[in-house]
Every structure is written in C-alpha cells, then in structure tokens.
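Novice:
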Amino acid sequence: MSDIIPFPGLAAGLSRQLEHFVTEQDYESAYETLLELERHAELSERQQLVKLDVLHKLESYLELREEASIMLNQGHPNYEETVYYFLLSLYELTQYQTVIELIDALRNEDINHRLKMKLLPLYDQSRHRKNEREKNASSEIERFLDWPADRQQQFILQLMNEHNLIYASTFAELLKSPLHPVVQTLLIQYIQLTGQHEIVTLHKLEQSISFNIGEVAAIDEQPLLHDVMPIVIDWFDNNMPDVTAAVTSWLKHQAMIIYPLSFHIGIEEIPAQNVAECYIYAALSMFSMEEIYPIEKNETQQHVLGMIHRSVKYEL
Numbered sequence: 001m002s003d004i005i006p007f008p009g010l011a012a013g014l015s016r017q018l019e020h021f022v023t024e025q026d027y028e029s030a031y032e033t034l035l036e037l038e039r040h041a042e043l044s045e046r047q048q049l050v051k052l053d054v055l056h057k058l059e060s061y062l063e064l065r066e067e068a069s070i071m072l073n074q075g076h077p078n079y080e081e082t083v084y085y086f087l088l089s090l091y092e093l094t095q096y097q098t099v100i101e102l103i104d105a106l107r108n109e110d111i112n113h114r115l116k117m118k119l120l121p122l123y124d125q126s127r128h129r130k131n132e133r134e135k136n137a138s139s140e141i142e143r144f145l146d147w148p149a150d151r152q153q154q155f156i157l158q159l160m161n162e163h164n165l166i167y168a169s170t171f172a173e174l175l176k177s178p179l180h181p182v183v184q185t186l187l188i189q190y191i192q193l194t195g196q197h198e199i200v201t202l203h204k205l206e207q208s209i210s211f212n213i214g215e216v217a218a219i220d221e222q223p224l225l226h227d228v229m230p231i232v233i234d235w236f237d238n239n240m241p242d243v244t245a246a247v248t249s250w251l252k253h254q255a256m257i258i259y260p261l262s263f264h265i266g267i268e269e270i271p272a273q274n275v276a277e278c279y280i281y282a283a284l285s286m287f288s289m290e291e292i293y294p295i296e297k298n299e300t301q302q303h304v305l306g307m308i309h310r311s312v313k314y315e316l
C-alpha cells in the first residue's frame, strides 16, 4: 500500500513552485520542492525527468544514477533522456569503462540516430579520460615500491574501483618484492579481477607458498572468514555483545593480512573450532581479559597463536 497521502490542491501548488524554481535556476529549492511533492503525490513522467535534470545541475551524481536506474527498470517512456542521464551519472562518477561497455552494447541494438549521436560524444570522452587515467597510473606504478604501505593500498583500491585492470603482469612481478601483507592481498585480489592465471611465489608471515592466483579461492571463501569467524562472533554475541562489532572488524582485517595463507601443521589443516578458540583468546587478550577463556596451549594452539601474533604486527 502506498504511503503517499493524496492532497490534490497541495500537489498542484508544489508543481507550480517547482516550475518557478526551475525557471529561476534555483535548483536547491527545486530539489526540496521535488522531495516535498513526492511526499504528497506520485511525480509525473515529466517531473521525473525534471528531477534527473535538477540532480545533474546539483552535481548529485550518486542520486542521479540511482533515480535514472529506477526509471529505466520501471520502463519510463522517455528512454532516450533516462538512459542518457544514467550514463552521464556514471561518467561523472568516473566509471569510464562501464560507460564505454554500456554504449558499445547500445550501439549493437536498434536505437534511434538521435540517441546514438547523443551518446557518442560521451563515449569518446570516456575513452579519452580512461586513456589519460591509464597513462597517469602507468607513470605512478614506477614509483610504487617507494611509497608507504597506506599509499600503495590506496593506489590499488583506486585502480580496482576504476576498473583499470591492465596491470596483472606488473602486479604479479611486484609480489616478488617485500611488501606489507595487506598490500600483497590487494595485489592478489586485483589480479583475480583481471581473470589472469598468474603463478606466483608469495612470502608472507614467515611462510612461502606458490599458487595460481586465478585458481585460489576468494578471500570470503577462505576458512578464516567462512568457517572461523562465525564461531568467534557467536561466542562474543553470547558473552560480550558490546564488543562484537570491534571483533568482527578485527577478524576481517586479520583475513586481509593472512590471505591466502591458511592454518596448517604440515599438510594437515587445523580444524576451524581450534582456530576459533585461539582467535577468541587473542581477541580477549586485547582487552586484558584472556583469563576468562583459558585454552590448552598445545602444539596446534601455539602454531595458530604464533601466526596471529605475527599478523598483529602488521595491523595498520
């Protein structure tokens, strides 16, 4: 059932205000009027397009993308304007590769000439911006090893967010260098996004492993997050719920440090329950409360605790 309460007279007055504010190019007031109008009536198809234009004028590109996407999914009759604003929002959000791919797909469809001519300049601009960004990234990568770990992380995340995925071989080579464990993990995740099958030897937390990046499971499928974390979180939910959020955040960061390593002694994988007990103990020790959860420090527990201790040193 709709939450909108019909007040025809009020809606008509707000519609007149909206037209006035748009004419006066007072887009802040126009936006506020649109929000008020939506509380009392369904926007007309024309007013929906006005809202897209107002959001663009206000440079509210995230909301523009969301509104245009909703209108496309609902089948707004003015497909030409709606899809243009949707692609324009992606362009302004620097998602150039996505713009290129979507316009390529549209060009293969039977779209009218006017829409095509409206989209092609956006297509060319996106290609230009994407090429410029890749040139800048290429020159920056040369200095990658000179940067501190937090700058390295930001750079990799930026490339991933921008879908700039052309450096798989370069990053596989960088994995041979001594890097912060989280940086190593991000490099692996980047290469996974490219779909490349790079075989690397990784030195991390006093261990060395060789593996095919294209075949290793994603980080959220690794035992620490998939099997161990639910046990740990369940214990804290039942015993210390106030710190559950902090422990959850810590475990996710631990996973970023440790990945793609897992907990083994020799070729035998340590059961998730044993690893979880060590993580509960280690988490409690951060609050100087480990005495409430004593564990038997046998060879298995010592191995896990040692790995946790080594990883804690790398928490940024």
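Per UniProt numbering, the very first residue in the sequence shown carries number 1; after that it's consecutive. Backbone N, C-alpha and C fix where the C-beta goes; we use that ideal spot for every residue, glycine too. All values derive from a computational prediction rather than experimental measurement.
(1) Given that a residue counts as buried once 16 or more other Cβ atoms are within 10 Å of its Cβ, and exposed if not, what is residue 2?
(2) Using the Cα positions of residue 40 and residue 82, report the straight-line distance between them to the nearest angstrom.
(3) Restricting to runs no shorter than 4 residues, where is the alpha helix (DSSP H) found entirely within the stretch 201 to 252?
(4) Apply the 10 Å Cβ neighbour rule to residue 65 and answer buried if 16 or more other Cβ atoms are within range, or exposed otherwise.
(5) Roughly how many whole angstroms lie between the Cα atoms of residue 168 and residue 126?
(6) On the premise that residue 278 lies in contact with residue 305, defined as a C-beta separation below 8 Å, what is that separation, rounded to the nearest angstrom?
(7) Bridge partners for residue 199 per DSSP, in chain order?
(8) Mark residue 23 as exposed unless 16 or more other C-beta atoms lie within 10 angstroms of its C-beta, in which case mark it buried.
(9) Would the beta-carbon of residue 84 fall within 9 Å of that of residue 129?
(10) Identify every run of the alpha helix (DSSP H) within the stretch 35 to 94, keeping only runs that are complete inside it and at least 4 residues long; order them along the chain.
(11) Along the alpha helix (DSSP H) that carries residue 286, what are the first and last residues, could you check?
(12) What does DSSP give as the partner residue(s) for residue 264 in the beta ladder?
(13) Decide if residue 315 is buried, meaning its Cβ has at least 16 other Cβ atoms within 10 Å, or exposed.
(14) Cα-Cα, which of 94, 162, 171 is closest to residue 144?
(15) Should residue 258 and residue 178 be called a contact, given that it needs their Cβ atoms to be closer than 9 Å?
(16) Go ahead and pull the three-state DSSP assignment for residue 130.
(17) I need the straight-line Cα distance from residue 335 to residue 131, nearest angstrom please.
(18) Rounded C-beta distance between residue 27 and residue 51? I'm assuming under 8 Å.
(19) Taking C-beta to C-beta, are residue 270 and residue 300 nearer than 9 Å?
(20) Can you give the Cα-Cα distance for residue 210 and residue 196, rounded to whole angstroms?
(21) Could you tell me if residue 201 is buried or exposed, where buried requires 16 or more neighbouring beta carbons within 10 angstroms of its beta carbon?
(22) Distance, Cα to Cα, residue 76 vs residue 20?
(23) Grab me the residues of residue 71's own chain with a C-beta within less than 7 Å of its C-beta, minus the 5 sequence neighbours each way, in chain order.
(24) What separation, rounded to the nearest whole angstrom, lies between the Cα atoms of residue 121 and residue 103?
(25) Measuring CA to CA, which of 240, 228, 189 is closest to residue 175?
(26) Kindly indicate which three-state DSSP category residue 289 falls into: helix, strand or coil?
(27) Measure the C-alpha to C-alpha separation of residue 228 and residue 193 and round it to an integer number of angstroms.
(28) Please identify the residue among 45, 226, 187, 87 whose C-alpha is closest to the C-alpha of residue 62.
(29) Taking just the CA atoms, how far does residue 307 sit from residue 215?
(30) In this structure, how does DSSP classify residue 108 when only helix, strand and coil are distinguished?
Specialist: This is what the structure holds:
(1) One-based indexing of the sequence shown puts residue 2 at position 2. Reliability fails at residue 2, whose pLDDT of 44 lies under 50, so the model's placement of it is uncertain and no value is given.
(2) What you label residue 40 is simply residue 40 of the sequence shown in a count that begins at 1. What you label residue 82 is simply residue 82 of the sequence shown in a count that begins at 1. Just so you know, the alpha carbons of residue 40 and residue 82 end up roughly 24 Å apart.
(3) Whole alpha helix (DSSP H) segments, 4+ residues: 229 to 239.
(4) Residue mapping note: residue 65 aligns to position 65 of the sequence shown, counting from 1. The Cβ neighbour count for residue 65, taken over all protein chains shown within 10 Å, is at least 16; the residue is labelled buried.
(5) For this step, residue 168 is matched to residue 168 along the sequence shown. For this step, residue 126 is matched to residue 126 along the sequence shown. Linking residue 168 to residue 126 through their CA atoms gives a straight-line distance of about 22 Å.
(6) Stepping through the sequence shown from its first residue, residue 305 is reached at position 305. Stepping through the sequence shown from its first residue, residue 278 is reached at position 278. Going by Cβ atoms, the distance from residue 305 to residue 278 rounds to 5 Å, so yes, they are a contact pair.
(7) Locating residue 199 in the sequence shown gives position 199, where the first residue counts as 1. Assignment of beta-bridge partners to residue 199 by DSSP yields 212.
(8) Your numbering for residue 23 matches position 23 in the sequence shown. By the 10 Å Cβ count, residue 23 comes out exposed.
(9) Stepping through the sequence shown from its first residue, residue 84 is reached at position 84. Stepping through the sequence shown from its first residue, residue 129 is reached at position 129. Going by C-beta atoms, residue 84 is not nearer than 9 Å to residue 129.
(10) Scanning the stretch 35 to 94 from its first residue to its last, the whole alpha helix (DSSP H) runs of 4-plus residues come out as 45 to 57, 61 to 73, 79 to 92.
(11) Translated into the one-based positions of the sequence shown, residue 286 becomes position 286. Segment 272 to 286, the alpha helix (DSSP H) holding residue 286.
(12) As a position in the sequence shown, residue 264 is number 264, starting the count at 1. Beta-bridge pairing by DSSP links residue 264 to 269.
(13) As a first step, residue 315 must be located in the sequence shown, where it is residue number 315. Using a 10 angstroms sphere on the CB of residue 315, the tally of other CB atoms stays under 16, which defines it as exposed.
(14) Residue mapping note: residue 144 aligns to position 144 of the sequence shown, counting from 1. The candidate whose alpha carbon is nearest that of residue 144 is 171.
(15) One-based indexing of the sequence shown puts residue 258 at position 258. One-based indexing of the sequence shown puts residue 178 at position 178. No. Outside cutoff.
(16) Against the sequence shown, residue 130 aligns to sequence position 130. Residue 130: helix per DSSP, three-state reduction.
(17) Any answer about residue 335 is impossible in this case: the structure gives the chain only from 1 up to 316.
(18) Residue numbering aside, residue 27 sits at position 27 when the sequence shown is read from its first letter. Residue numbering aside, residue 51 sits at position 51 when the sequence shown is read from its first letter. About 11 Å; that fails the 8 Å criterion.
(19) Numbered from its first residue, the sequence shown carries residue 270 at position 270. Numbered from its first residue, the sequence shown carries residue 300 at position 300. Yes. Within cutoff.
(20) Sequence index remark: in the sequence shown, residue 210 carries index 210 (1-based). Sequence index remark: in the sequence shown, residue 196 carries index 196 (1-based). About 16 Å.
(21) Counted from its first residue, the sequence shown places residue 201 at position 201. Label assigned to residue 201: exposed.
(22) Residue numbering aside, residue 76 sits at position 76 when the sequence shown is read from its first letter. Residue numbering aside, residue 20 sits at position 20 when the sequence shown is read from its first letter. Approximately 24 Å between the Cα atoms of the pair.
(23) Here residue 71 corresponds to residue number 71 of the sequence shown, with the count starting at 1. Within its own chain, the residues whose Cβ lies closer than 7 Å to the Cβ of residue 71, once the five positions on either side in sequence are excluded, are 48, 82, listed in chain order.
(24) Indexing the sequence shown from 1 puts residue 121 at position 121. Indexing the sequence shown from 1 puts residue 103 at position 103. Taking C-alpha positions only, residue 121 is separated from residue 103 by approximately 11 Å.
(25) Position 175 of the sequence shown, counted from the start, is the residue given in the question as residue 175. The alpha carbon of residue 175 has as its nearest neighbour, out of 240, 228, 189, the alpha carbon of 189.
(26) For this step, residue 289 is matched to residue 289 along the sequence shown. If DSSP states are grouped into helix, strand and coil, residue 289 belongs with coil.
(27) Walking along the sequence shown from the start, residue 228 turns up at place 228. Walking along the sequence shown from the start, residue 193 turns up at place 193. Pairing residue 228 with residue 193, the inter-Cα distance amounts to about 25 Å.
(28) Your numbering for residue 62 matches position 62 in the sequence shown. That would be 87, whose Cα lies nearest to the Cα of residue 62.
(29) Counted from its first residue, the sequence shown places residue 215 at position 215. Counted from its first residue, the sequence shown places residue 307 at position 307. If I take the Cα positions, the gap works out to 24 Å.
(30) What you label residue 108 is simply residue 108 of the sequence shown in a count that begins at 1. Annotated three-state conformation of residue 108 is coil, per DSSP.
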